[in-house]
Amino acid sequence: MKELILVAIVLGAAIVFWRPPKRVRRLGADHLVSTGHAFLLIGALIALLFGARWLPVTEAVGPIVAFVAGWVGFATGIRFDRRLLRAVPIRALGFALAPAISAAIVVGAAGVAVLYLFGTPVAEATAGGLVLGAAAASSGPTLAAVLRTRRAGRSAQARSTLRMVELSAGIDDLVVLLFSMLAFALLRPGSDPVAPFWLVALSLLGSVVLGLTIWLFLGGRARQDERLLLGLAMIAFTAGFASWLHLSPAAVAAIAGMALVNLPGDRAALLVRTIRRVERMAVVILMTVIGLHAAGVRGWAVVALIACMTLLRFGAKHVAGEAVSRPIPGAPGLLATSRWTYGLVPQGTLGLVIALSFFHVWRDASSLAVLAAVAASSLLNELYSPWLLLALVRRVTASAQPRSGDAT
Amino acid sequence: VNPLVDRLLHRALPLLLVVGMMLLLRLTGVGVAGSGAQSTTIAIGFLLTCAYIGGKLAARIKLPRITGFLLVGIAVGPHVSGLLTEDMLLAGATVEEVAVALIALTAGGELRLDWVRREIRRLLLITFSELFVVVTGVISVVLVTRGWFPFIPQGDLMRASVIAMVIGAVAVANSPTVAVAVIAENEADGPLTRTVLGVTIVKDVILIVLFAIAIAVAKEVLGEADAVPLGWTLAREIGGSVALGIAFGLGISAFLRYVGRDTPVFLLAACLAMARLSSMLHLETLLVALTAGVWVENFSATKGDGLIKAIERVSLPVYALFFAAAGAKVNLGVLASLWPLALMLCSARAVCVWTGTWLGTRLARAEPVVKRYAWYGFISQAGVTLALSAIVARSFPDWGPAVQALIIAMIAVHELLGPIGFQYALRRAGEIGAQRRGSQRADASTPPESGALSTG
Chain A
3 MKELILVAIV LGAAIVFWRP PKRVRRLGAD HLVSTGHAFL LIGALIALLF
53 GARWLPVTEA VGPIVAFVAG WVGFATGIRF DRRLLRAVPI RALGFALAPA
103 ISAAIVVGAA GVAVLYLFGT PVAEATAGGL VLGAAAASSG PTLAAVLRTR
153 RAGRSAQARS TLRMVELSAG IDDLVVLLFS MLAFALLRPG SDPVAPFWLV
203 ALSLLGSVVL GLTIWLFLGG RARQDERLLL GLAMIAFTAG FASWLHLSPA
253 AVAAIAGMAL VNLPGDRAAL LVRTIRRVER MAVVILMTVI GLHAAGVRGW
303 AVVALIACMT LLRFGAKHVA GEAVSRPIPG APGLLATSRW TYGLVPQGTL
353 GLVIALSFFH VWRDASSLAV LAAVAASSLL NELYSPWLLL ALVRRVTASA
403 QPRSGDAT
Chain B
53 VNPLVDRLLH RALPLLLVVG MMLLLRLTGV GVAGSGAQST TIAIGFLLTC
103 AYIGGKLAAR IKLPRITGFL LVGIAVGPHV SGLLTEDMLL AGATVEEVAV
153 ALIALTAGGE LRLDWVRREI RRLLLITFSE LFVVVTGVIS VVLVTRGWFP
203 FIPQGDLMRA SVIAMVIGAV AVANSPTVAV AVIAENEADG PLTRTVLGVT
253 IVKDVILIVL FAIAIAVAKE VLGEADAVPL GWTLAREIGG SVALGIAFGL
303 GISAFLRYVG RDTPVFLLAA CLAMARLSSM LHLETLLVAL TAGVWVENFS
353 ATKGDGLIKA IERVSLPVYA LFFAAAGAKV NLGVLASLWP LALMLCSARA
403 VCVWTGTWLG TRLARAEPVV KRYAWYGFIS QAGVTLALSA IVARSFPDWG
453 PAVQALIIAM IAVHELLGPI GFQYALRRAG EIGAQRRGSQ RADASTPPES
503 GALSTG
C-alpha cells in the first residue's frame with residue numbers, strides 16, 4: 003500500500019513540477035517549483051512517511067545521483083569560456099567575486115567552529131566547514147535573469163544591477179569549486195598510496211584529460227542520438243572517475259567542462275544542446291534525493307549551521323557588497339549599487355550538489371548535518387529571496403527617476 | 053580530413069585515453085575498488101563509451117549495433133579483460149531493470165489490437181506450432197543424448213525426463229528485447245516485422261504459463277511440491293502484472309493528455325517505478341510494461357505515437373547500456389567448458405525453430421517473406437531466458453545450477469547470432485527503413501494547414 007502512495011506522490015509531484023496548477027501559481031510558489039525546491043520538500047515528505055524504507059531507493063539511484071552531480075558540474079564548467087570572460091573587465095570580476103569570497107570565509111570559519119564545538123574531530127570539522135563555505139559562496143542567477151525580462155527590471159539602472167547580480171552569481175562558482183576541492187582533499191581514506199596533494203593534482207590533470215577526450219570524441223561525425231549516448235557516457239565516466247577517487251564529481255566535471263569549452267571550436271555547444279534534455283530530470287532527482295537524506299536530521303548543531311547559512315551568509319555578502327558598491331570603471335553595463343547583494347540570496351544548485359557528494363562519500367553524522375543545513379537554508383533563502391530582489395529593483399529604479407522637484 | 057585519420061583521431065585516440073584512465077585506476081588500486089554507487093557510475097560511463105565505439109564499428113560492417121554493444125561488453129567484462137568486475141556491474145541492476153521496462157513499453161506501444169484481432173489466428177498457429185516442435189524436439193534430443201550430460205543420473209529416466217522438460221521449456225523462449233531493439237534500430241516495418249514482434253510477445257505470455265507449469269510438474273514429480281497451488285501463482289503473476297500494467301497505462305495516458313511535456317523524462321521515471329513495484333510485488337516487469345504500452349496505444353485518447361517518439365529519443369543509450377551490460381555478463385569460461393553440449397542443443401533448437409516456424413507459417417498461410425525468414429527472428433535469447441535459468445537454479449539446488457550453466461552457454465551463442473540473423477532477415481525482406489519511408493509518405497500526403505496557406 004505504501005508503495006502505491008509513494009508512486010502517487012511521485013506522479014503528483016511530477017505533474018505539479020511540469021505544469022503547476024493555478025492555485026500553486028497564485029501562492030507565489032512558482033519559482034520553488036521551477037528551481038526544484040518543491041521536490042526537496044516532497045523528498046523530505048517521503049522520508050518522513052516511510053522511515054527507513056526509502057533507503058534502498060536512494061542506494062539504487064546512487065549512480066544516477068553521481069551522474070547528476072557530474073552534469074551540474076559540467077554545466078557550470080562550460081560557462082567559463084575565456085572568449086566570453088575576456089569581454090568583462092578584470093575589476094568587475096573582482097567586484098563580482100567579493101561577496102562570494104567573503105561569505106565562503108566567514109561561513110566556512112563559523113561552520114568549522116560549530117562542528118568542532120559539537121564534538122566533530124578537527125579534520126572532519128574543517129572539511130565540513132569548507133563544504134559549508136562552498137555552499138555559502140554559491141548563488142543562483144535564475145531569479146535575477148527572470149526579473150530582467152519583466153516590467154519591474156526593465157529600467158536601465160535595474161538592468162545594470164541585475165546584470166551585476168547575474169555576473170556575481172555566475173562567477174562565484176570558482177570559489178565554490180576551490181573550497182570543495184580543498185574539502186575533499188582534506189579528508190582522504192587511509193589506504194591512499196599517494197599524498198593527498200599529489201592525488202588532487204593528478205585528479206586535476208585527469209579532469210583536463212577528460213575534457214580533451216570529450217573534445218576529441220565530439221570531433222567525429224555522429225547522429226543526434228549517438229551524441230546523446232556519447233554525452234551521457236562521458237559525463238557518467240567523469241563523475242565515476244571523481245567518485246572513485248573520493249573527489250567531488252561536480253568539481254571534476256566542472257574542470258573537464260572548462261577544459262572542453264576553452265579548446266578550439268564550438269564542440270561543447272554540440273554536447274550541451276543534445277544532453278540538455280536530461281536537465282529537468284537531473285534537478286528532480288537531485289532535489290528529491292537531498293530531501294530524502296536531509297529529512298529527520300535534528301539537533302542544535304544543525305540549527306546553528308542553518309543560522310550560519312542564512313543570517314551569517316547574508317551578512318557577509320552584504321558587508322562585502324557594500325564595500326565594493328561604487329561605479330566600476332570600464333564596465334558601463336554593470337552597476338554595483340548599494341544593497342546589490344540582495345540579489346545573491348538564492349543558493350545555487352552547485353553548492354547543494356557538493357554537499358550531497360560530500361555526504362555520499364563520507365556518510366557520517368557531520369557530513370549529514372552539513373547536507374541538512376545546506377538543504378534547509380537553501381529552502382529558507384529561496385522563500386524570501388524574491389521579495390528582497392524585488393525591493394532592490396524598486397529601490398534602484400526609484401533612485402534613478404528624477405524627483406518631481408528636480409523638474410522645476 | 054582523411055577518413056582514416058578522422059577515425060583514429062576522433063574514435064581510437066579518445067577511446068584509448070578512456071581505457072588508459074580506467075586501467076590506471078584499476079591497476080594502481082587508488083580509490084574505491086568494491087561495489088557501490090562510486091564504482092557503478094564509472095562502470096556505466098565506461099560501458100557506454102565503449103558501446104558508442106562498438107555500435108559505430110558494428111554499423112560500419114553492416115551488423116546490428118546491439119551486436120557491437122554485446123561484443124564490447126564481453127571484451128571489457130569480468131570474464132575477458134576484467135576491466136569491469138562483477139561487483140561493479142551488480143549495483144547497476146536497477147538501470148537494467150529500467151531498460152527492460154522501457155523496451156517492453158516500446159513493444160506494447162507498437163502492438164495495435166485491431167491488427168492483433170485480425171491476425172490472431174495466424175499468430176497463434178505460428179506460436180503454438182513453434183512451441184510444440186521446439187519443446188518436443190529439445191526434450192527428445194536431451195533424452196536421447198542423456199548419457200552425455202554429466203548432471204543427468206544414469207538409469208533414472210524420471211529425473212532425466214524432468215530435466216529435459218525444464219530445458220525444453222527454457223529453449224522455447226526468445227528475446228523480446230532483442231527483437232524490439234533490432235526493429236527500432238533498423239526502423240523496420242512490414243509483415244515480417246509485425247509477425248516476429250507479435251509472435252514473440254504472445255510467446256512471452258504463454259511462456260510464463262508454460263514455465264510455471266513445467267516447474268510445478270517437475271517439483272510434483274520429484275516430491276518437492278510447493279504449498280501454494282499452481283493456479284493461484286499463475287493468476288497472481290499474470291493477473292497482477294496485467295492489472296499493474298493497466299494502472300501504469302492509465303497514468304501514462306493521463307500524463308500524455310494533460311501534461312505532454314518532457315515525456316522521455318517522465319517515461320524513465322515511470323519505468324523505474326514499474327521495475328521497483330514489480331520486484332516488490334513479485335510480478336513480471338516485462339508483462340507490466342507491455343500491458344502499459346498496449347493500453348496507451350489502444351485505449352487512451354492520445355495514441356501511442358507520442359509514447360514511441362518519446363522513447364525513441366532516449367532509446368539508444370538505454371539499448372547500449374542494457375546490451376553492453378548483458379555482454380559483460382556472458383561467461384566465456386562456461387561456454388568453453390560446455391561448448392560441445394551447448395553447440396548440440398543450439399543446433400537442435402535452431403532446427404526445431406526452423407521446422408516449427410515452417411509448419412506454422414504454412415498452416416497460417418503467411419506471406420512468402422514471413423514463411424521464408426520469420427524463423428531468424430526467433431533465434432535470439434537474452435534476459436528472459438537468463439531469468440528463467442536463475443529460477444531453475446533456485447528451484448532445484450542439486451541439478452539446477454548445472455542446467456543454468458548450460459543455458460547461459462546457450463544464451464551466449466543465441467545472443468550473438470540472434471540479432472545478426474534477424475537483421476539479415478529484415479534486409480532480405482526489404483523491411484529495413486520502412487517506418488521512415490512510411491512517415492515521409494504520410495508527411496508528403498498531408499495537405500498543408502489553412503494557416504500555412506494564408507501566411508504562404
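Taken in sequence, the protein lines are chains A and B. Each residue of the first sequence is one higher than the one before, starting from 3 at the first, in my numbering. Each residue of the second sequence is one higher than the one before, starting from 53 at the first, in my numbering. Where is the CB? At the ideal position from N, CA and C, for every residue including glycine.
### Query
Between the region 76 to 86 of chain A and the region 290 to 307 of chain A, do at least 3 Cβ pairs fall closer than 8 Å?
As far as the Cβ criterion goes, the region 76 to 86 of chain A does not touch the region 290 to 307 of chain A, which means the pair count is below three.
### Query
Buried or exposed: A:Leu50, going by 16 or more other Cβ atoms within 10 Å of its Cβ?
Taking the first residue of the first sequence as position 1, residue 50 of chain A is located at position 48. Burial call: exposed.
### Message
With the cut-off set at 7 Å, would you say A:Pro101 and A:Leu313 are in Cβ contact?
### Response
Here the question's residue 101 of chain A lines up with position 99 in the first sequence. Here the question's residue 313 of chain A lines up with position 311 in the first sequence. The Cβ atoms of A:Pro101 and A:Leu313 do not sit closer than 7 Å to each other.
### A:Gly267 in three-state terms, based on DSSP
Here residue 267 of chain A is taken as the residue at index 265 of the first sequence, counted from 1. Taken through DSSP and simplified to helix, strand or coil, A:Gly267 comes out as coil.
### Task
Determine the chain A residues that contact B:Ile98 at a beta-carbon separation under 7 Å, and present them in chain order.
Residue numbering aside, residue 98 of chain B sits at position 46 when the second sequence is read from its first letter. Just to set this straight, residue 98 of chain B is Phe in the shown sequence, not Ile. In chain order: Phe239.
#### Entry: Short-range partners of chain B found in the region 198 to 215 of chain A, where Cβ spacing is below 8 Å
Answer set for the region 198 to 215 of chain A: Leu201, Gly208, Val211, Leu212, Leu214, Thr215.
### Task
Taking 7 Å as the cut-off, decide whether the C-beta atoms of B:Ala486 and B:Ala240 are in contact.
What you label residue 486 of chain B is simply residue 434 of the second sequence in a count that begins at 1. What you label residue 240 of chain B is simply residue 188 of the second sequence in a count that begins at 1. Yes.
### Task
Compare the C-beta of A:Phe76 against all C-beta atoms of chain B and say whether one is closer than 7 Å.
Your numbering for residue 76 of chain A matches position 74 in the first sequence. Not one chain B Cβ lies under 7 Å of A:Phe76.
### Query
Would A:Asp366 count as contacting chain B if we go by Cβ distances under 7 Å?
Within the first sequence, residue 366 of chain A is the residue found at index 364, counting from 1. By this cut-off, A:Asp366 is not an interface position.
### Message
7 Å is my cut-off, CB to CB: does B:Ile94 come that close to chain A?
### Response
By 1-based counting over the second sequence, the position of residue 94 of chain B is 42. Judged by the 7 Å Cβ criterion, B:Ile94 is in contact with chain A.
### Query
Could one say the Cβ of B:Val317 lies closer than 7 Å to chain A's Cβ atoms, at least one of them?
To locate residue 317 of chain B, count along the second sequence from 1; it is residue 265. At a cut-off of 7 Å between C-beta atoms, B:Val317 counts as an interface residue with respect to chain A.
### Task
Just the chain B side, please: which residues come within less than 7 Å of A:Phe219 by C-beta, in chain order?
As a first step, residue 219 of chain A must be located in the first sequence, where it is residue number 217. What A:Phe219 touches in chain B: His62, Pro66.
### Query
Between the C-alpha atoms of B:Ala457 and B:Val386, what's the straight-line distance to the nearest angstrom?
The count along the second sequence starts at 1 and reaches residue 457 of chain B at position 405. The count along the second sequence starts at 1 and reaches residue 386 of chain B at position 334. Each residue's Cα considered, the two are about 7 Å apart.
### Message
Whole angstroms are fine: how far does the CA of B:Arg170 sit from the CA of B:Leu99?
### Response
Counting from one through the second sequence, the residue named residue 99 of chain B turns up at place 47. Counting from one through the second sequence, the residue named residue 170 of chain B turns up at place 118. Their backbone Cα atoms lie some 42 Å apart in a straight line.
### Query
Thinking C-alpha only, which one of A:Leu272, A:Ala371, A:Val211, A:Pro143 is nearest A:Ala261?
Looking up residue 261 of chain A in the first sequence gives position 259. For the residues A:Leu272, A:Ala371, A:Val211, A:Pro143, the minimum Cα distance to A:Ala261 belongs to A:Val211.
### Query
In chain order, which continuous runs of the beta strand (DSSP E) of length 3 or greater are located wholly inside the region 349 to 393 of chain B?
Listed in chain order, nothing qualifies, since the region 349 to 393 of chain B has no complete beta strand (DSSP E) run of 3 or more residues.
### Task
Let me know if B:Trp200 comes out buried or exposed under the rule of 16 or more other beta-carbons within 10 Å of its beta-carbon.
Reading the second sequence from its first residue, position 148 is the one you call residue 200 of chain B. By the neighbour-count rule (16 or more Cβ atoms within 10 Å), B:Trp200 is not buried but exposed.
### 7 Å Cβ cut-off: residues of chain A touching B:Pro369
On the second sequence, position 317 is the one that residue 369 of chain B refers to. Residues of chain A passing the Cβ test: Leu230, Leu231, Leu234.
### Message
Going by beta-carbon coordinates alone, are A:Ala241 and A:Phe69 separated by less than 7 Å?
### Response
For this step, residue 241 of chain A is matched to residue 239 along the first sequence. For this step, residue 69 of chain A is matched to residue 67 along the first sequence. In terms of Cβ geometry, A:Ala241 and A:Phe69 form a close pair [threshold 7 Å].
### Query
CA-CA distance, A:Tyr118 and A:Leu390?
By 1-based counting over the first sequence, the position of residue 118 of chain A is 116. By 1-based counting over the first sequence, the position of residue 390 of chain A is 388. One alpha carbon belongs to A:Tyr118, the other to A:Leu390, and they sit about 33 Å apart.
### Task
For B:Val269, name the three-state secondary structure that DSSP assigns.
Here residue 269 of chain B corresponds to residue number 217 of the second sequence, with the count starting at 1. Note: B:Val269 maps to helix in three-state DSSP.
### Task
Starting from the beta carbon of B:Val257, find every residue of chain A whose beta carbon is closer than 7 Å, and list them in chain order.
What you label residue 257 of chain B is simply residue 205 of the second sequence in a count that begins at 1. Under the 7 Å cutoff, chain A gives no residues; its nearest Cβ is about 24 Å from B:Val257.
### Query
When you compare only the Cα positions, how much space is there between B:Pro343 and A:Leu176?
On the second sequence, residue 343 of chain B is found 291 positions in, with the first residue counted as 1. On the first sequence, residue 176 of chain A is found 174 positions in, with the first residue counted as 1. Per the sequence shown, the amino acid found at residue 343 of chain B is Thr instead of Pro. In this structure, the straight-line span from the alpha carbon of B:Thr343 to that of A:Leu176 is close to 50 Å.
### Message
Measuring straight from C-alpha to C-alpha, what distance separates B:Ala231 and A:Asn264?
### Response
Sequence index remark: in the second sequence, residue 231 of chain B carries index 179 (1-based). Sequence index remark: in the first sequence, residue 264 of chain A carries index 262 (1-based). Looking at the two C-alpha atoms, the distance is approximately 43 Å.
### Exposed unless 16 or more other CB atoms sit within 10 angstroms - verdict on B:Ser389
By 1-based counting over the second sequence, the position of residue 389 of chain B is 337. Classification for B:Ser389: exposed.
### Message
Let me confirm a value: A:Gln349 is counted as buried when at least 16 other C-beta atoms fall within 10 Å, else exposed. Which label applies?
### Response
Reading the first sequence from its first residue, position 347 is the one you call residue 349 of chain A. With 16 or more other Cβ atoms within 10 Å, it is buried.
### Helix, strand or coil at A:Ser157 according to DSSP, with G and I counted as helix
Counted from its first residue, the first sequence places residue 157 of chain A at position 155. In the structure shown, A:Ser157 falls within a coil segment according to DSSP collapsed to helix, strand and coil.
### Query
In whole angstroms, what separates the C-alpha of A:Thr215 from that of B:Val218?
Sequence index remark: in the first sequence, residue 215 of chain A carries index 213 (1-based). Sequence index remark: in the second sequence, residue 218 of chain B carries index 166 (1-based). For A:Thr215 and B:Val218, the distance between alpha carbons rounds to 49 Å.
### Query
In chain B, which residues lie with their C-beta within 7 Å of the C-beta of A:Asp227?
Along the first sequence, read from residue 1 onward, the residue named residue 227 of chain A stands at position 225. Under the 7 Å cutoff, chain B gives Leu368.
### Whole-angstrom distance between A:Glu281 and B:Arg112, CA atom to CA atom
Against the second sequence, residue 112 of chain B aligns to sequence position 60. Against the first sequence, residue 281 of chain A aligns to sequence position 279. If you draw a straight line from the Cα of B:Arg112 to the Cα of A:Glu281, it is about 32 Å long.
### Query
Is A:Trp364 buried or exposed, if buried means 16 or more other CB atoms sit within 10 Å of its CB?
Locating residue 364 of chain A in the first sequence gives position 362, where the first residue counts as 1. Counting Cβ neighbours within 10 Å, A:Trp364 comes out buried, since at least 16 surround it.
### Query
Exposed or buried, B:Gly134, counting other C-beta atoms within 10 Å across all chains shown (16 or more means buried)?
Counting from 1 along the second sequence, the entry for residue 134 of chain B is found at position 82. Taking all protein chains shown into account, B:Gly134 has fewer than 16 neighbouring C-beta atoms within 10 Å of its C-beta and is therefore exposed.
### Query
Nearest CA to the CA of A:Ala318: which residue from A:Leu99, A:Leu43, A:Leu34?
Along the first sequence, one-based indexing puts residue 318 of chain A at 316. For A:Ala318, the nearest C-alpha among the options comes from A:Leu99.
### Task
State the Cα-Cα distance for the pair B:Val57 and B:Val71, rounded to the nearest angstrom.
Here residue 57 of chain B refers to the residue found at position 5 of the second sequence. Here residue 71 of chain B refers to the residue found at position 19 of the second sequence. Inter-residue distance for B:Val57 and B:Val71 is about 20 Å (C-alpha atoms, whole angstroms).
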